[in-house]
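First residue of the sequence shown: 1, per full-length UniProt numbering; consecutive thereafter.
Cβ atoms here follow ideal geometry from the backbone N, Cα and C, with glycine treated the same way.
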Amino acid sequence: MAAQNRQAEPEFFEAGALVGVLTTQPLDRVLDYKAPEGGCWRGAFVEVPLGPRKVMGVVWGAGQGGYDLAKVRTVLKVLDVAPMRDELKQFLERSADYTLTPLTAMLRLATRAPGLGDPPSMQKIYRLGSGEPDRTTAARTKVIEVLKDYGGLAFTLKELAEMADVSTSVVKGLVKQNVVLEEDRPRDLPFPRMQHDHAGKTLTDAQAEASAQLRAGVASHEYGTTLLRGVTGSGKTEVYLEAVAECLAQGRQALVLLPEIALTAEFLTRVEARFGAKPAEWHSGVTMTERRRIWKMVGQGGAQMVIGARSALFLPYQNLGLIVVDEEHDTSYKQEEGVLYNARDMAVLRAHLCGAQVVLASATPSLESWVNADQGKYRKIELVSRYGPSVMPDMRALDMRQDKLPSNRWISNRLRDEVLARVAKGEQALLFINRRGYAPVTICRACGHQIACDVCDARMVEHRFLKRLMCHQCGETKPVPTTCPNCEAEDRLAPVGPGVERLAEEATELFPDARVVTLSSDMFGSARALKEQIAQIAQGGADIIIGTQLVAKGHNFPLLTLVGVIDADLGLQGSDLRAAERTFQLMRQVAGRAGRSERKGVAIMQSYQPEHPVIRAILAGDEEGFWRAEADQRRLAGVPPYGRMAGIVISAPDAQAPFDLGAEMARRDGPLRAIGAQVFGPAPAPIARIRGRHRVRLLVKAEKTAPLQRALKQWLAQFRPGGQMRISVDIDPQSF
Ligand code: ADP
Ligand code: ZN
């Protein structure tokens with residue numbers, strides 16, 4: 001495909017000329033202003049008056065005019081940052097069109113950190129020093145923990161004190177003792193140079209072949225997407241870092257997107273070892289100070305490589321040559337609040353616009369990417385074997401119907417024996433359950449009442465470690481009651497079903513001589529505590545690991561040879577068409593944790609329906625067959641990736657109004673019928689109530705080639721939701 005790098009000469013507007021400014025305020029249009037003294041470029045970041053306020057905006061192009069020019073106000077000032085390039089403007093426009101999001105909301109994603117005003121050029125920053133405190137206090141320990149959690153990042157005094165929840169004098173006290181270092185740093189310090197020719201690992205033949213293909217793509221300066229598929233441990237990371245090296249050698253910037261959970265210090269260290277310097281890091285934990293610096297340096301080319309979560313896609317790259325989307329199948333790439341976009345798809349769009357390469361890496365690709373590769377839209381590269389002596393584990397299923405376990409036990413006798421055998425040999429076993437907390441349901445044995453969230457259509461999950469009930473939809477917690485809120489019976493409430501904490505309890509009873517460790521996101525106060533626990537396990541500091549999804553990706557435990565999946569059926573319930581795909585991916589990811597060294601591993605799945613086609617496909621290891629069967633089903637149903645879908649969620653505090661509006665929308669579907677699209681619903685949304693708002697959903701289904709967005713726009717324009725009602729559009733919904 002030809003390069004699509006259409007960077008036109010930027011346009012300059014003389015003082016007084018009419019310019020159109022897009023602000024981040026929720027008015028979905030470009031407003032007219034006069035260019036300030038000295039003029040401004042198209043794309044310039046500016047401050048403009050809006051009513052009584054000053055707001056930030058971007059000069060989007062020439063103004064509209066056509067009214068009394070005397071009333072047009074003047075741009076207050078041009079901010080001292082690089083103007084937005086046309087490529088990013090186009091990206092925002094195209095992604096706004098695609099997701100049916102107001103352009104202003106897209107602009108907000110792209111301006112998360114520039115900062116208004118003229119900050120001083122030097123600033124005092126605080127980082128971890130080498131001194132020991134003369135005495136430890138709780139407040140001091142908190143400061144040190146925060147600095148350790150964030151590795152190399154630096155903070156301002158205010159940020160550090162806020163994050164540690166201490167007064168600034170505590171930090172100052174630690175500075176006196178060299179426990180914390182105070183430094184003057186230029187506000188816009190560039191990142192250290194990454195060395196693309198720093199020696200990498202010696203690649204195997206298969207890896208070298210894959211690397212050569214990726215490097216050639218990057219060197220072409222043209223758009224292209226490659227699906228890099230390979231079992232866990234086959235060296236995908238090693239290979240895509242070669243593509244990054246090529247990109248750096250070409251003098252272009254590289255972006256590696258990871259699911260937030262995989263953004264670990266371990267990964268950063270690995271990148272640093274490869275290129276001799278740390279990359280810029282962009283995720284929810286990064287402070288405002290650091291964000292401002294990254295944002296500016298990315299725009300000036302002073303950051304050559306960014307490792308980040310999905311929002312790093314909206315940074316103002318000067319010359320982006322490569323985007324890697326690691327674990328591309330991960331559902332967290334889909335943002336489910338605010339602007340609903342899928343970072344994987346947006347990465348492809350952005351690469352199109354700037355002539356960059358995309359590498360989608362996964363051991364278990366999404367069906368969408370698999371189909372795209374199969375149809376030749378994406379190049380496909382496969383790494384079939386693990387690096388070194390390690391091999392994929394054997395996969396087995398345990399038919400739980402034969403076990404007759406008592407109702408409060410989940411580890412079958414056969415799985416127990418397997419665990420004991422491994423532990424006796426000094427190896428580790430992982431027992432996996434994809435459920436946080438102690439028990440998913442708390443039921444009253446007197447009246448049958450189940451404790452639910454007050455504001456969501458969800459049951460409260462008992463978290464014994466936190467000693468509270470928690471709603472996994474809205475995060476609300478409350479104490480575990482002793483009397484039933486329904487019938488007021490005393491002491492009749494009982495936990496039903498297992499969560500990771502309850503499984504840990506069972507394991508502790510079943511294996512009294514083993515060291516049992518639980519890994520779940522709720523159990524760790526800080527990222528550092530979690531990291532330390534993981535490092536300890538890797539060094540053999542535990543025999544049995546009880547874990548949630550948290551352990552399914554990334555970590556390498558050399559002694560781990562057995563993975564027991566407690567409930568392989570968990571994801572297969574419900575009518576979601578993606579359930580099979582997700583279960584398949586998750587089971588393969590978890591199984592991949594076993595036997596990452598010389599010792600052969602085994603993965604055992606407990607199931608009440610081992611004859612289920614998904615379980616059979618996992619056992620057979622027949623990925624190709626599984627994807628083909630899944631793809632056929634989707635094709636027959638006319639759903640993505642073979643058809644197009646949109647979910648329309650209508651919500652309001654009362655239950656009836658959304659249904660009524662939904663029914664009216666389904667009736668007046670002219671613009672949709674005109675393109676051959678169908679509307680289904682209204683029906684309760686997958687979660688029918690969140691935070692007190694009732695939600696109904698309509699699903700719109702269209703042919704692959706139909707102009708869905710245009711029709712949706714015309715259709716939606718007919719309805720004005722009144723009062724507290726809201727309509728949100730989700731293109732390519734995750735569940736359908
Ligand atoms: P993946 O991303 O496919 O899971 P990695 O790239 O993380 O695989 O590789 C798995 C492990 O094997 C890592 O510890 C990596 O450093 C090591 N490894 C992979 N390829 C090589 C190689 N050619 N030489 C040395 N070590 C390698
Ligand atoms: Zn809730």
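Does DSSP put residue i in a helix, a strand or coil?
i, result
"K531", "helix"
"D374", "helix"
"R599", "coil"
"E136", "The sequence given here has Thr at residue 136, not Glu. Reduced to three states, the DSSP call for T136 is coil."
"H352", "helix"
"N178", "coil"
"D32", "strand"
"P721", "coil"
"L88", "helix"
"G625", "helix"
"Q304", "coil"
"K77", "strand"
"D326", "strand"
Distance check for residue j and residue i, CA to CA, integer angstroms please.
i, j, result
"R229", "L241", "15 Å"
"A361", "L107", "28 Å"
"D165", "E260", "24 Å"
"P83", "R73", "21 Å"
"A594", "I537", "14 Å"
"A262", "T237", "13 Å"
"L530", "S520", "9 Å"
"S167", "V371", "55 Å"
"I675", "T705", "10 Å"
"D730", "R628", "27 Å"
"H463", "S607", "25 Å"
"Q304", "V359", "17 Å"
"F12", "P49", "21 Å"
"residue 737", "R185", "As shown, the chain starts at 1 and ends at 736. That puts residue 737 outside it, with no answer to give."
"D205", "S234", "12 Å"
"R634", "A219", "36 Å"
"L636", "G376", "21 Å"
"P641", "H329", "14 Å"
"R599", "V384", "19 Å"
"D399", "R435", "21 Å"
"G66", "K89", "25 Å"
Quick check: is any heavy atom of ligand 1 less than 7 Å from the C-beta of residue i?
i, result
"L204", "Before going on, a small fix: residue 204 reads as Thr here, not Leu. Yes, the beta carbon of T204 sits closer than 7 Å to at least one heavy atom of ligand 1."
"G601", "no"
"E93", "no"
Does the beta-carbon distance from residue i to residue j come in below 8 Å?
i, j, result
"P440", "V461", "yes"
"T226", "T104", "no"
"V639", "F511", "no"
"W715", "P682", "no"
"R720", "D457", "no"
"T232", "Q589", "yes"
"M122", "V146", "no"
With a threshold of 7 Å, establish whether the CB of residue i neighbours any heavy atom of ligand 2.
i, result
"Q714", "no"
"A458", "yes"
"V455", "yes"
"Q473", "yes"
"E462", "no"
"E476", "yes"
In the DSSP assignment, find the beta strand (DSSP E) that holds residue i and state where it starts and stops.
i, result
"T518", "516-519"
"E272", "Counting along the chain, E272 falls outside any beta strand (DSSP E), though it belongs to the alpha helix (DSSP H) covering 265-275."
"W295", "Run containing W295: none in the beta strand (DSSP E); it sits in the alpha helix (DSSP H), 288-300."
"I545", "544-547"
"I125", "122-128"
"P686", "678-690"
"K54", "53-62"
"T18", "Before going further, note that residue 18 is Leu rather than Thr in the sequence given. Segment 18-23, the beta strand (DSSP E) holding L18."
"P481", "Unbroken run through P481: none, as it is neither H nor E."
Could you spell out the range, first to last residue, of the alpha helix (DSSP H) harbouring residue i?
i, result
"L716", "708-716"
"C247", "236-249"
"G662", "656-667"
"M587", "579-591"
"A702", "Per DSSP, A702 belongs to no alpha helix (DSSP H); it is in the beta strand (DSSP E), 693-703."
"residue 746", "Residue coverage of the chain in this structure runs from 1 to 736, which leaves residue 746 outside it and unanswerable."
"A424", "413-424"
"T508", "500-510"
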